[in-house]
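Chemist:
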Amino acid sequence: MEKKELYSFLKEIQTKVAQNDNQLDLVMVYDKVDEVIKNHDFYHQTPYFLSEWLILKEQILRSDSESLGYFERFLENIMYESATGVYAAYLDNNL
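First residue of the sequence shown: 2, per the working numbering; consecutive thereafter.
Take a look at the structure:
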């Protein structure tokens with residue numbers, strides 16, 4: 002998936018996550034997002050991104066009561082953090 006498509010994909014995932022807080026589904030959604038983003042430059046090159054992403058998975062696997070909120074905030078960070086370039090690519094393609 003190209004970076005310009007990531008914003009729409011992540012927005013859709015975010016909506017689905019907000020509608021259903023089942024922890025098992027959240028692990029599957031995390032893996033789906035991971036599969037899509039792991040080939041993008043920000044995955045390995047943005048400071049702390051990968052370590053925070055892996056910590057998030059540990060929280061999700063623990064079924065922590067705050068996992069859903071952490072996941073939603075992390076999706077927001079991927080979409081809007083300037084270091085990832087996802088929102089900028091979306092705007093460039095849709096303006």
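We put the beta carbon where it would ideally sit given N, CA and C, even for glycine.
Rounded to whole angstroms, what's the CA-CA distance from residue 38 to residue 83? Just pull it up for me.
Modeler: Stepping through the sequence shown from its first residue, residue 38 is reached at position 37. Stepping through the sequence shown from its first residue, residue 83 is reached at position 82. Rounded to the nearest angstrom, the two C-alpha atoms are 15 angstroms apart.
Chemist: Please confirm if the stretch 6-26 is in contact with the stretch 50-60, defined as three or more CB-CB distances below 8 angstroms between the two stretches.
Modeler: Contact fails: fewer than three Cβ-Cβ distances are below 8 angstroms.
Chemist: Which of helix, strand or coil does DSSP assign to residue 49?
Modeler: Numbered from its first residue, the sequence shown carries residue 49 at position 48. Coil.
Chemist: Going by beta carbon distance, what residues of the same chain come within less than 6 angstroms of residue 61, once the five residues before and after it are set aside?
Modeler: Locating residue 61 in the sequence shown gives position 60, where the first residue counts as 1. Correct list, in chain order: 27, 28, 31 and 68.
Chemist: For residue 67, which three-state DSSP category applies?
Modeler: For this step, residue 67 is matched to residue 66 along the sequence shown. Residue state, collapsed to three classes: coil.
Chemist: Rounding to the nearest angstrom, what Cα-Cα distance links residue 45 and residue 85 in this structure?
Modeler: The count along the sequence shown starts at 1 and reaches residue 45 at position 44. The count along the sequence shown starts at 1 and reaches residue 85 at position 84. The alpha-carbon atoms of residue 45 and residue 85 are separated by roughly 10 angstroms.
Chemist: In whole angstroms, give me the CA-to-CA distance for residue 63 and residue 72.
Modeler: Residue mapping note: residue 63 aligns to position 62 of the sequence shown, counting from 1. Residue mapping note: residue 72 aligns to position 71 of the sequence shown, counting from 1. Going from the Cα of residue 63 to the Cα of residue 72 covers about 13 angstroms.
Chemist: Give me the Cα-Cα distance between residue 47 and residue 70, rounded to the nearest whole angstrom.
Modeler: Taking the first residue of the sequence shown as position 1, residue 47 is located at position 46. Taking the first residue of the sequence shown as position 1, residue 70 is located at position 69. Looking at the two C-alpha atoms, the distance is approximately 22 angstroms.
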